[in-house]
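> The numbering of the sequence shown is the numbering used here, which starts it at 14 and goes up by one.
Input: one structure, supplied below.
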Amino acid sequence: TTTMSTSTTTTTTTSPSTTTTPSTTTEISTTVPAVTPTKLRLMSWNVYFGNGKFDAMAKMLNSWHVDIANLQETNNRLGQIEEASGLTSVNTWHQSHDWCGYNFHGSDWSHEYSKEIEVPGSRGVCGAMIKKGNARLCVWGLHPVQ
14 TTTMSTSTTT TTTTSPSTTT TPSTTTEIST TVPAVTPTKL RLMSWNVYFG NGKFDAMAKM
74 LNSWHVDIAN LQETNNRLGQ IEEASGLTSV NTWHQSHDWC GYNFHGSDWS HEYSKEIEVP
134 GSRGVCGAMI KKGNARLCVW GLHPVQ
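Structure (structure tokens):
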């Protein structure tokens, strides 16, 4: 949203010929406030540890227009998923087998922090504070132990 305000001033001099000159000053603010969402598309998806079909993952994520995605079994492919989908990867924890739910968000969202917690075996829990406008969502993802 762009805001504009206009003010008019009058200048008067006291010489033999009095001059009155109106001048207009325009101030423009280009600050665009973040819009607080009223709807949210959250996806939790086990992408399968052997899945290297990044274009297919991107197509699924983008066809559903997700705001936030929590993906399990990414196996150190966060950057490849991020690049293919256009979503931002929030968590950065890597193991040889990543079974936790990693968080991603759309470009109109941001995040304040992320946290990764290891649990026994090759499991983990990944969390993030994801925000847009005045909305702040604490999102945690995991892959349960069977």
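Note that CB positions come from ideal geometry on N, CA and C, so glycine has one too.
Locate the alpha helix (DSSP H) running through F117, then write down its first and last residues.
It is not in any alpha helix (DSSP H) - F117 instead sits in the beta strand (DSSP E) that spans G114 to H118.
> With 16 as the cutoff for other CB atoms within 10 Å, does L55 come out buried or exposed?
exposed
> Of the residues Y126, F117 and V158, which one's Cα is nearest the Cα of V132?
V158
> Can you tell me where the beta strand (DSSP E) holding E96 begins and where it ends?
First-last for E96: L91 to S98, but that is the alpha helix (DSSP H), not the beta strand (DSSP E).
> Would C151 and G114 be called neighbours here (beta carbons separated by less than 8 angstroms)?
Not a contact, by the Cβ cut-off of 8 angstroms.
> Just the Cα atoms here: how many angstroms apart are G63 and A71?
16 angstroms
> To the nearest angstrom, how far is it from the Cα of S76 to the Cα of S98?
10 angstroms
> I'd like the list of long-range same chain contacts for W58, defined as Cβ closer than 6 angstroms, with 5 residues on each side in sequence excluded.
L84
> Output the boundary residues of the beta strand (DSSP E) element that contains N59.
L55 to N59
> Please classify N75: does DSSP put it in a helix, a strand, or coil?
Correct three-state label for N75: helix.
> Rounded to whole angstroms, what is the Cα-Cα separation between T146 and L91?
In the sequence as presented, Thr is not what sits at residue 146; that position holds Gly. Rounded to the nearest angstrom, the two C-alpha atoms are 26 angstroms apart.
> In three-state DSSP terms, what is A47?
Here A47 sits in coil by DSSP.
> Work out the CA separation of G134 and D80 for me, nearest whole Å.
30 angstroms
> Does the beta-carbon of T87 have 16 or more other beta-carbons within 10 angstroms, so that it is buried, or is it exposed?
T87 should be labelled buried.
> For K144, which residues does DSSP report across the bridge?
S123 and R149
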